[in-house]
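Working notes for the structure below.
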Amino acid sequence: MLEAVEQLTGRDSMIPPESMNFVGKGDFEKIGREFKQYFIDLANIQPSDRILDVGCGIGRMAVPLTDYLSPEGEYWGFDIVQMGIRWCQRRISPKFPNFHFLHSDIKNKQYNRKGKTPADQFRFPFDDGAFDFVFLTSVFTHMLPADMEHYLSEIARVLKQGGRCLITFFLLNDESKKLLLAGRSSLDFKHEIQGCLAANAQNPEAAIAYEEDQVQRLFANYKLKIAPPIHYGSWCERDRSLSYQDIIVAVKDQ
Numbered sequence: 466m467l468e469a470v471e472q473l474t475g476r477d478s479m480i481p482p483e484s485m486n487f488v489g490k491g492d493f494e495k496i497g498r499e500f501k502q503y504f505i506d507l508a509n510i511q512p513s514d515r516i517l518d519v520g521c522g523i524g525r526m527a528v529p530l531t532d533y534l535s536p537e538g539e540y541w542g543f544d545i546v547q548m549g550i551r552w553c554q555r556r557i558s559p560k561f562p563n564f565h566f567l568h569s570d571i572k573n574k575q576y577n578r579k580g581k582t583p584a585d586q587f588r589f590p591f592d593d594g595a596f597d598f599v600f601l602t603s604v605f606t607h608m609l610p611a612d613m614e615h616y617l618s619e620i621a622r623v624l625k626q627g628g629r630c631l632i633t634f635f636l637l638n639d640e641s642k643k644l645l646l647a648g649r650s651s652l653d654f655k656h657e658i659q660g661c662l663a664a665n666a667q668n669p670e671a672a673i674a675y676e677e678d679q680v681q682r683l684f685a686n687y688k689l690k691i692a693p694p695i696h697y698g699s700w701c702e703r704d705r706s707l708s709y710q711d712i713i714v715a716v717k718d719q
């Protein structure tokens, strides 16, 4: 049935129907293209790079990369939502055999409550120094501090020396805190939990914000050198922004 609809409408068979899209609001294709350009412009990815997408969802970032990576390049993505991985394995990998998708049964109250593996104990299934570029879009915005720090250590482990990462956050600094107090933010981060702020006390992992200074210290601890500037987002209704969430690009120290 779905294939017939695609033939009639001309919809790209790699793009999931809206009913299957669990990766947030906004135009699926537009956001994917937006971040592809950030990867190129901010992180200097190359067509031959080996790329890891942590929390790949249902392929929102993978699809636009299919026409950028060369056959020498390679994409790996993993996610905790099995339905999204199955879609990508059926719809993307057969067309692009250098695109690989893995399901990881990691516990998360927002997306995988019955997951078996605690996030702070999950080892990325890749060798040390395996990737030129690692990215996470709207992942650390759903992770508590111990889980987030563990993932950051794994990112540092699997990056090559000189490799880059691009990660989105909700960062708390003087400007965003003022806008929060003024009631301008799209998210009301007011519940302090385990050293971060959550918008929902009952389900903290729905949306989590971190102190910018805290994040900078963690990056330094794992020898990930932040490439200035930090690209602040519109989530708190600041006057100037790049995307919705805040974007940090960093390089693994040589």
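Here the sequence shown is numbered in the numbering used here, starting from 466 and rising by one per residue.
Glycine residues also receive a C-beta, built at the ideal position from the N, C-alpha and C atoms.
Of the residues the options, the one placed nearest residue i, counting alpha carbons only
i    : options                   : result
K708 : I695, V716, K717 and Q719 : The sequence given here places Ser at residue 708; Lys does not occur at that position. Checking every option, the nearest Cα to that of S708 belongs to I695.
V519 : I571, T531, N509 and E676 : I571
R525 : P481, R515 and F564       : P481
D597 : R622, H615, D585 and K655 : R622
M485 : Y533, M548, I505 and E537 : M548
S641 : R682, H607, E676 and E483 : E676
T531 : S558, D506 and W552       : S558
G660 : K495, M613, V599 and Y503 : M613
T633 : S603, F504, R588 and H568 : S603
S651 : D639, G522, I658 and A664 : A664
M479 : S535, A508 and K560       : K560
A595 : N686, L517, F493 and A584 : L517
L645 : C701, S569 and Q575       : C701
T606 : F654, K581 and A647       : F654
D704 : K643, F493, Q681 and A674 : K643
K495 : R515, D514 and A527       : A527
A426 : L689, S699, L617 and D477 : The question about residue 426 has no answer here: the residues shown for the chain are numbered 466 through 719.
V680 : I691, S699 and A671       : I691
Where the beta strand (DSSP E) through residue i begins and ends
i    : result
V546 : It is not in any beta strand (DSSP E) - V546 carries neither H nor E in the DSSP assignment.
L652 : From DSSP, L652 is part of no beta strand (DSSP E); its letter is neither H nor E.
K717 : D711 to K717
F566 : F564 to H568
D518 : R515 to V519
A727 : Because the chain in this structure spans residues 466 to 719, residue 727 falls outside the shown range and cannot be described.
L707 : Per DSSP, L707 belongs to no beta strand (DSSP E) and is neither H nor E.
I691 : L689 to I691
Inter-residue CB distance, residue i and residue j (contact presumed, cutoff 8 Å)
i    : j    : result
D711 : L636 : 4 Å
F600 : L631 : 4 Å
R578 : E619 : The pair is not a contact, with the Cβ atoms about 22 Å apart (cut-off 8 Å).
L507 : V714 : 5 Å
C553 : I523 : 7 Å
I545 : N573 : 6 Å
Q626 : Q502 : So it is not a contact: roughly 26 Å between Cβ atoms.
P562 : G538 : Actually they do not touch by this definition, with Cβ atoms about 12 Å apart.
G497 : P529 : 4 Å
First through last residue of the alpha helix (DSSP H) which encompasses residue i
i    : result
Y503 : F493 to A508
E677 : E677 to N686
L530 : A527 to L530
Alpha helix (DSSP H) segments (min. 4 residues) lying fully within the segment 601 to 643 = Listed in chain order, they are 610 to 623.
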